[in-house]
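Peer 1: This structure is in structure tokens; I'll ask about it shortly.
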Amino acid sequence: MAEVRLRRWRLEDAADVAVMANDEFFGPWSTMAADLDRWIRAEMAEEHGPTRAICLSDDDRALGRVALRPPDLASDAVRCQAVRESDQPAGELSYWLVPEARGRGLAYAAVRLMIETVVAGSGLRSVVLDIEDGNQPSIRLAERLGAERRSPSRVKADPAGTLRTLVVYVLRVA
Ligand SMILES: CC(C)(COP(=O)(O)OP(=O)(O)OC[C@H]1O[C@@H](n2cnc3c(N)ncnc32)[C@H](O)[C@@H]1OP(=O)(O)O)[C@@H](O)C(=O)NCCC(=O)NCCS
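Counted from 1, the sequence shown has number 42 at position 43 by numbering that gives the first Met the number 0; the numbering is strictly sequential.
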């Protein structure tokens, strides 16, 4: 079976991942739909922290993304009530796969690899996964990774003003 590989983003990847602009869970929070070219350039420059394209050992196409936001660039999720002092310093980890790549365990392998190769050297004690309530594939993935569900959940408006319930999962990395 082909192995998961992580690599830096390239301009040509934009077309392969553009479908994610309409994703039910990722789309509402992303600037991808507004300006795909700007989005890919921000990924290439790692403006918000380390970010990698997920691909396979025998297929260099970008099938997804895994990204780490260090505490100073992370959302309020890393400082919310559900995150304990003993979890700090906490970064924020996010992931997605294009629909055709889902259901094969690639996200699990990519997150493990990101933790081993990028998160491990960051000095963080934990990473926070900020997941919308009802996003079952992501919740299952968080559980499989060994992340702990925390409470309380919080309600937050996405950039379009839609209120969404978000649940924090905390994964210890050190
Ligand atoms: C989250 C994501 C990366 C998971 O990818 P994946 O590992 O390929 O996920 P799978 O399709 O294998 O599903 C993972 C688990 O959820 C389960 N699942 C999938 N769809 C489901 C659904 N609609 N309802 C309930 N469970 C579901 C699978 O059975 C699997 O469970 P298992 O580990 O017990 O077998 C992928 O779904 C995705 O990119 N989603 C859109 C973006 C997103 O939501 N990112 C996360 C934001 S927090």
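Ideal Cβ placement from N, Cα and C applies to all residues, glycine included. A quick note: this is a predicted structure, and the numbers were derived from the prediction, not measured.
Where are the beta strand (DSSP E) runs, 3 residues long or more, that stay fully inside the segment 88-129, in chain order?
Peer 2: 89-96, all fully within the segment 88-129.
Peer 1: Could you tell me the boundaries of the alpha helix (DSSP H) in which ALA14 lies?
Peer 2: On the sequence shown, residue 14 is found 15 positions in, with the first residue counted as 1. Looking at the DSSP string, the run of the alpha helix (DSSP H) that includes ALA14 is 12-16.
Peer 1: Beta-carbon within less than 8 Å of THR116's beta-carbon, same chain only, minus the 5 sequence neighbours each way: which residues are those?
Peer 2: The sequence position of residue 116 within the sequence shown is 117, counting from 1. Around THR116: LEU5.
Peer 1: For the alpha helix (DSSP H) that ARG184 lies in, which residues bound it at each end?
Peer 2: Since the first residue shown for the chain is 0 and the last is 173, residue 184 is missing from the structure and cannot be characterised.
Peer 1: Shorter than 8 Å, the distance from the beta carbon of ARG148 to the closest heavy atom of ligand 1, or not?
Peer 2: Within the sequence shown, the letter at position 149 stands for residue 148. Outside the cutoff, so no.
Peer 1: So, with DSSP's three-state summary, where would you put GLU26?
Peer 2: Along the sequence shown, read from residue 1 onward, the residue named residue 26 stands at position 27. Checking the sequence shown, residue 26 turns out to be Gly, not Glu. Residue state, collapsed to three classes: helix.
Peer 1: Measure the beta-carbon distance from VAL172 to VAL126 and round it to whole angstroms, keeping in mind my assumption that it falls under 8 Å.
Peer 2: The residue given as residue 172 occupies position 173 in the sequence shown. The residue given as residue 126 occupies position 127 in the sequence shown. Indeed, because the Cβ distance is near 6 Å, the residues count as touching under 8 Å.
Peer 1: Could you check how far apart the C-beta atoms of LEU67 and PRO49 are, in whole angstroms? I think they sit under 8 Å.
Peer 2: Walking along the sequence shown from the start, residue 67 turns up at place 68. Walking along the sequence shown from the start, residue 49 turns up at place 50. Yes, LEU67 and PRO49 are in contact; Cβ-Cβ is about 5 Å, under 8 Å.
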